[in-house]
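Trainee: Here it is, the structure, as structure tokens.
Residue numbers (my numbering): 58 to 135.
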């Protein structure tokens with residue numbers, strides 16, 4: 058009970074807290090995906106495992122996540 062009380066103060070609705078944490082996860086995911094993409098293209102880091110033609114899939118995934126975060130932002134503002 059003490060831990061739950063520290064995390065969720067009394068009177069706070071759980072749904073907005075859950076939405077906020079998922080938005081934060083999505084924003085942090087974007088930065089991690091960009092870093093992973095940059096590392097995957099570096100021969101010094103990856104050696105023979107450098108990403109070739111599948112880099113387009115990485116860029117598409119980053120774009121899809123960015124579009125979802127942008128859509129969530131637009132829906133939350135409007």
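Every residue, glycine too, gets a C-beta built ideally from N, C-alpha and C.
Using the C-alpha atoms, what's the distance from residue 90 back to residue 134?
Mentor: So the alpha carbons of these two residues sit roughly 25 angstroms apart.
Trainee: List in chain order: all unbroken alpha helix (DSSP H) runs of 4+ residues lying wholly within the region 64-118.
Mentor: Qualifying alpha helix (DSSP H) stretches, in chain order: 71-97, 100-103.
Trainee: Assuming residue 107 and residue 98 make a contact with CB atoms under 8 angstroms, what is their CB distance in whole Å?
Mentor: About 7 angstroms separates the two Cβ atoms, so the contact holds.
Trainee: Is residue 87 closer than 7 angstroms to residue 122 when the C-beta atoms are compared?
Mentor: The answer is yes: Cβ separation under 7 angstroms.
Trainee: Using a Cβ-Cβ cutoff of less than 6 angstroms, which residues in the same chain neighbour residue 47 once the five nearest sequence positions on both sides are dropped?
Mentor: Outside the shown range of the chain, which is 58 to 135, sits residue 47, and nothing can be said about it.
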